[in-house]
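Residue 73 in the UniProt record's numbering sits at position 73 of the sequence shown, with consecutive numbering throughout. The block underneath contains the structure these notes are about, expressed in structure tokens.
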Amino acid sequence: MTCRDDILTVARTLTTGHPEGTFSMQDVVQALRAQETAHTDAQIRLHVRALMCVNSAEKGAGQFRDLERVGHGRFKLL
1 MTCRDDILTV ARTLTTGHPE GTFSMQDVVQ ALRAQETAHT DAQIRLHVRA
51 LMCVNSAEKG AGQFRDLERV GHGRFKLL
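Printed below as a string of structure tokens:
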């Protein structure tokens with residue numbers, strides 16, 4: 001699976017466990033580490049904060065339009 005696929009799978013699980021349906025980047029990193037992912041922390045963080053995030057200001061932002069940053073370090077699925 002791709003890094004994006006793995007993040008989406010974990011994000012779906014994390015959102016069901018939070019009353020606001022949000023999750024942190026660290027939640028994603030920890031969950032993927034627990035699954036012994038082949039992806040590095042840096043790859044995961046890049047995907048969450050930029051490539052998959054529609055309202056990121058970073059280069060390549062919103063390439064996949066899967067997540068929205070809703071607060072400091074908090075994200076939700078779109």
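Where a beta carbon is used, it is the ideal one built from N, C-alpha and C, also for glycine.
Tell me, to the nearest whole angstrom, how far the beta carbon of A31 is from that of V48; I am working on the premise that it is less than 8 Å.
-> Cβ atoms of A31 and V48 stay farther apart than 8 Å, at about 12 Å.
When the Cα of E68 is compared with those of K59, Q35, N55, which residue comes out closest?
-> N55
By how many angstroms is the C-alpha of L51 removed from the C-alpha of G62?
-> G62 and L51: Cα-Cα distance of roughly 5 Å.
For V10, the first and last residue of its enclosing alpha helix (DSSP H) = It spans 3-16 - the alpha helix (DSSP H) in which V10 sits, taken as one unbroken run.
Return yes when at least one heavy atom of the ligand ATP lies under 6 Å from the C-beta of A38, else no.
-> In the structure on display, the ligand ATP does not appear, and there are no ligands present to speak of.
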